[in-house]
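To start, the structure itself, in structure tokens.
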Amino acid sequence: MILDLGLPDWDGVEVLRRIRSVSSTPVIVLSARQQADDKVEALDEGADDYVSKPFSMDELMARVRVALRRMAPGGVVPEPFDHQGLHLDFGEFVATRDARPIHL
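Numbering (my numbering), first residue to last: 2 to 105.
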């Protein structure tokens with residue numbers, strides 16, 4: 002999962018905490034925040050990687066490949082995550098907000 006901390010309606014770190022409470026899916030954080038303490042907070046809250054904006058798409062895709070390699074083959078798909086209209090289905094790779102698709 003790629004999570005941008007700059008969410009308009011929610012605190013991105015809180016979203017990360019809630020995801021971690023129900024899922025071990027790899028999470029790569031994107032953020033314009035470049036301070037070390039912001040990176041440390043996200044990593045301590047469960048992010049598997051942190052990419053600061055601006056970034057190259059090649060770098061991001063390489064980090065995604067690393068995260069996918071680390072996933073155990075035949076791993077259990079976590080239950081869908083629902084919170085205040087946000088729905089994440091990890092098995093179907095679908096995200097919706099208020100039942101409207103989020104195009105990632």
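Glycine included, C-beta positions come from ideal geometry on N, C-alpha and C.
(request) Within the region 16-59, note down every full beta strand (DSSP E) run reaching 3 residues or more, in order along the chain. (result) 29-32 and 50-53
(message) Can you check which of these residues, ASP90, ASP83, LEU31 and ALA96, is closest to ARG64 by C-alpha distance?
(response) LEU31
(request) Count the other CB atoms, across all protein chains shown, that sit within 10 Å of the CB of VAL28; report buried if there are 16 or more and exposed otherwise. (result) Buried.
(request) Mark MET58 as exposed unless 16 or more other C-beta atoms lie within 10 angstroms of its C-beta, in which case mark it buried. (result) exposed
(message) For VAL41 and PRO102, what's the separation of their Cα atoms in angstroms?
(response) 31 Å
(message) Taking a contact to mean a Cβ-Cβ separation below 8 Å, would you say ILE20 touches PHE82 in this structure?
(response) Against a cut-off of 8 Å, the Cβ pair of PHE82 and ILE20 comes out as a contact.
(request) State the DSSP-derived secondary structure class of LEU4, mapped to helix, strand or coil. (result) strand
(request) Going by CA-CA distance only, name the one from PHE94, GLU60 and LEU87 that's closest to PRO79. (result) PHE94
(message) To the nearest angstrom, how far is the alpha carbon of SER53 from that of ALA43?
(response) 12 Å
(request) Go to PHE110, then tell me how far its beta strand (DSSP E) extends in each direction, as first and last residue. (result) Look at the range of the chain in this structure, 2 to 105, and you will see that residue 110 is not part of it.
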